[in-house]
Amino acid sequence: MRPSLAYIDANSGSYLIQVIAGVGLAALVAIKVFWRRVWGFVTRKKPQTTVESGPPREE
Amino acid sequence: MDATVSGSFRDPSGFVFTRDGILYRQVNRVFAEQFELLLSSGLYEALTREGLLVRHEEADPSLAATPEAYKVLKPERVGFISYPYEWSFSQLKDAALATLRIQGIALEHGMSLRDATAYNVQFEAGRPVFIDTLSFERLREGEPWVAYGQFCRHFLAPLALMRYRDVRLGQLARVHIDGVPLDLAAELLPVRARLRLALLLHLFLHARSQRRHAGEATAAGRTDQPKRKSRPFSLQAFRGLIETLESAIRKLRWEPRKSVWSAYYDEARSYTEAALDVKKSLVAEFVEAARPRTVWDLGANTGPFSRIAAAKGARTVSFDVDPATVEINYQAVVSEKESNVLPLVMDLANPSPGVGWANSERMCLSERAPADMALALALVHHLAIANNVPLEDVAAFLWDVCTWLAIEFVPKSDPMVQVLLASREDVFSDYTLEGFERAFSERFEILRREAIAGSERVMYLMRGR
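Protein chains in written order, with the working numbering: chain F, 61 to 119; chain Z, 214 to 678.
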């Protein structure tokens, strides 16, 4: 059993698992941001229609 | 006379001490740059604005306790210091989420938490607040979170164990002062916990990685040993790490079943509604007479009497042995935004001991005393009969922890005492009203004695001699 010394945790296993998972974790955030943008684009409010830009919407 | 606050001695960057009863935090010169960055980056302002970090003001530098001082701070004081093994499930969960929120905000300001121990969080005005101003350091570009392992040990592992195994495993924190070892958590958790992707990564694979790479030097090791070559850890990955941890913590939910204690006040055999009303009004009268600033409600159940004291302005700590009732109590604190009630898990027959280095790193319960007033309602029979504690010793303990005492004597004829006596031999010949008054008179002056109409119980208001 290893002694627990860490005030500051420098455990190499904790360090390496983060490095190994790093690419996946970064991708996760990137995908999230991407979907947020897509979702934002799809659900964004359409601008008020005007006479110039087309026929009035049916209510 | 200075006294270094135990629990802050491990950190070379500074420590907490008291002088003339006032709490100070010394920042050592070695940490000056990091401390100034906390202020100049706007992180201190952002965190204190959200109530996530305890505020401080700068004190006179001549107050420094040692020559290494860079600055002396006077932090706002927390009303009652509590520890993770005294928190209910949701308290530990909220402390975890607060830590992650703080880390998220720190990243936005180019800083990072260098430790993530649950002892850096306290509950003030019903909310978790981070108390260690010296836990922030400049973000080390390309390096992962140095406090990741500690966060998983202090928060994720015990919460997962409480959720998937048994809520009483929160007590493991009392034994493992630097958090539950991940290999132990992985061993104890059921297989179905592995189906949660975040738990699989942050607990099971993390534990395996720790075992496999034990003792290896890393870039985070901060030693002079050769550093292991590895990919840099991007800021995006860092954010992903915090997000997955937050999502893992949020998804851990535990709802208390109706346990013995949380059902206590629902049972007609314990009290008639009228008797309960009499008891409540007596408690209110007693609290008004004592005018306490601090109250300990010992054996508080879900806290109905704590709230009577809290409504009269007393900062009330609401102790109970049952994690389910404490959970219900805390949920009420959160939903009602109550700022004067702090529910905590505490077995009064075996209260929190002094733990850690020299048994003094984390205070025992009586070291956090005295309260101006204690409520010991429907408690004495549990200590005297269920736990065989002589009445004199019960009186001595209560005398030690409070000045004023509202206490209820529950006679042997009471149905609840009959339940306790049903399974044990009645060796409690002194357990009578006379014996109770005799034992308590040695330590307390009895100021009021009121029978609770509709029951055979008697309420007392006492003051310590």
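Note that beta-carbon positions come from the ideal geometry of N, C-alpha and C, so glycine has one too.
Give the interface partners of residue i over in chain F, defined as CB-CB distance under 8 Å, in chain order.
i: T457/Z; result: L85 and L88
i: H419/Z; result: G73, S74 and I77
i: E621/Z; result: The contacting residues do not exist; E621/Z stays about 44 Å from chain F at best.
i: L414/Z; result: I77 and A81
For the putative contact between residue i and residue j, defined by C-beta atoms under 8 Å, what is the C-beta separation to the nearest angstrom?
i: F622/Z; j: F649/Z; result: 5 Å
i: H594/Z; j: M559/Z; result: Contact flag wrong, Cβ pair sits at about 18 Å.
i: D585/Z; j: R637/Z; result: Rounded, the Cβ-Cβ distance is 35 Å, inconsistent with contact.
i: M675/Z; j: I659/Z; result: 5 Å
i: R470/Z; j: A537/Z; result: 7 Å
i: A450/Z; j: G73/F; result: In fact, because the Cβ distance is near 17 Å, the residues do not count as touching under 8 Å.
i: F349/Z; j: L458/Z; result: About 18 Å separates the two Cβ atoms, so there is no contact after all.
i: R444/Z; j: V79/F; result: 6 Å
Tell me the DSSP secondary structure of residue i in three-state form.
i: G292/Z; result: coil
i: A467/Z; result: Sequence inspection shows Trp at residue 467/Z; the Ala mentioned does not correspond to that position. In the structure shown, W467/Z sits in coil (DSSP, three-state: anything other than H, G, I, E or B).
i: T110/F; result: Note that T110/F has pLDDT 40, beneath the 50 cutoff, so the model's placement of it is unreliable and the number below is only indicative. In the structure shown, T110/F sits in coil (DSSP, three-state: anything other than H, G, I, E or B).
i: A282/Z; result: strand
i: S325/Z; result: strand
i: A497/Z; result: helix
i: A216/Z; result: strand
i: K492/Z; result: helix
i: A562/Z; result: coil
i: G255/Z; result: coil
i: G383/Z; result: helix
i: R238/Z; result: strand
i: L690/Z; result: What is shown of chain Z runs 214 to 678, which leaves residue 690/Z out entirely.
i: K287/Z; result: strand
i: L618/Z; result: strand
i: L555/Z; result: strand
i: L305/Z; result: helix
i: M675/Z; result: strand
i: D391/Z; result: coil
i: I659/Z; result: strand
i: L592/Z; result: coil
i: S548/Z; result: helix
i: P341/Z; result: strand
i: L65/F; result: Model confidence at L65/F stands at a pLDDT of 42, short of 50, so the residue's coordinates are unreliable; what they give is reported in the following sentence. Note: L65/F maps to coil in three-state DSSP.
i: F228/Z; result: strand
i: W99/F; result: helix
i: G355/Z; result: strand
i: W509/Z; result: strand
Going along chain Z, which residues have a C-beta under 7 Å from residue i?
i: V79/F; result: P357, S443, R444 and F446
In chain F, which residues lie less than 7 Å from residue i when you measure between Cβ atoms?
i: R425/Z; result: G73
i: Q449/Z; result: A86, V89 and A90
i: S348/Z; result: None at all; the shortest Cβ gap to chain F is about 10 Å.
i: S422/Z; result: G73, L76 and I77
i: L454/Z; result: Q78 and L85
i: E429/Z; result: S72
Given that residue i touches chain F, what residues does it touch there, using C-beta distances under 9 Å?
i: Y361/Z; result: D69, N71, S74, Y75, I77 and Q78
Which word fits residue i, buried or exposed, when buried means at least 16 other C-beta atoms lie within 10 angstroms of its C-beta?
i: L529/Z; result: Leu is not the amino acid found at residue 529/Z; the sequence shown has Thr there. That one is buried.
i: S642/Z; result: exposed
i: D680/Z; result: This structure cannot settle anything about residue 680/Z, because the visible part of chain Z is limited to 214 through 678.
i: E549/Z; result: exposed
i: F358/Z; result: Per the sequence shown, residue 358/Z should be read as Trp rather than Phe. It counts as buried.
i: V632/Z; result: exposed
i: K492/Z; result: buried
i: D328/Z; result: buried
i: F343/Z; result: buried
i: V554/Z; result: buried
i: I91/F; result: exposed
i: L578/Z; result: buried
i: R97/F; result: exposed
i: R117/F; result: In this prediction, R117/F has a pLDDT of 40, which is less than 50 and means its spatial position is unreliable; what the coordinates show is noted afterwards. By the 10 Å Cβ count, R117/F comes out exposed.
i: L266/Z; result: buried
i: T312/Z; result: buried
i: F368/Z; result: buried
i: T109/F; result: With a pLDDT of only 42 at T109/F, under the threshold of 50, the placement of this residue in the model should not be trusted; the figure read from the coordinates follows. By the neighbour-count rule (16 or more Cβ atoms within 10 Å), T109/F is not buried but exposed.
Do the region 301-320 of chain Z and the region 399-410 of chain Z make contact, defined as three or more Cβ pairs closer than 8 Å?
Too few Cβ pairs lie closer than 8 Å, so no.
Touch check for the region 609-625 of chain Z and the region 586-601 of chain Z: three-plus C-beta pairs under 8 Å?
Note that the region 609-625 of chain Z touches the region 586-601 of chain Z; at least 3 beta-carbon pairs, one per stretch, sit closer than 8 Å.
Three CB pairs or more closer than 8 Å across the region 394-402 of chain Z and the region 451-470 of chain Z:
Taking one beta carbon from each stretch, the region 394-402 of chain Z and the region 451-470 of chain Z have fewer than 3 pairs nearer than 8 Å; the two do not touch.
Three or more beta-carbon pairs under 8 Å between the region 335-342 of chain Z and the region 287-306 of chain Z, yes or no?
Yes, the region 335-342 of chain Z touches the region 287-306 of chain Z.
State whether the region 516-536 of chain Z contacts the region 605-613 of chain Z, with contact taken as three or more CB pairs (one from each stretch) at a distance under 8 Å.
Below 8 Å, too few C-beta pairs join the region 516-536 of chain Z and the region 605-613 of chain Z to call them touching: fewer than three.
Examine the Cβ distances between the region 369-386 of chain Z and the region 298-310 of chain Z and report whether three or more of them are shorter than 8 Å.
Because the criterion of three Cβ pairs below 8 Å is met, the region 369-386 of chain Z and the region 298-310 of chain Z touch.
Specify whether the region 265-283 of chain Z and the region 238-248 of chain Z touch according to this definition: at least 3 beta carbon pairs, one from each stretch, less than 8 Å apart.
When Cβ pairs closer than 8 Å are counted between the two stretches, the region 265-283 of chain Z is seen to touch the region 238-248 of chain Z, the count reaching three or more.
Answer yes if the region 411-429 of chain Z comes into contact with the region 261-281 of chain Z, meaning at least three C-beta pairs across the two stretches below 8 Å, and no otherwise.
Short answer: they don't touch.
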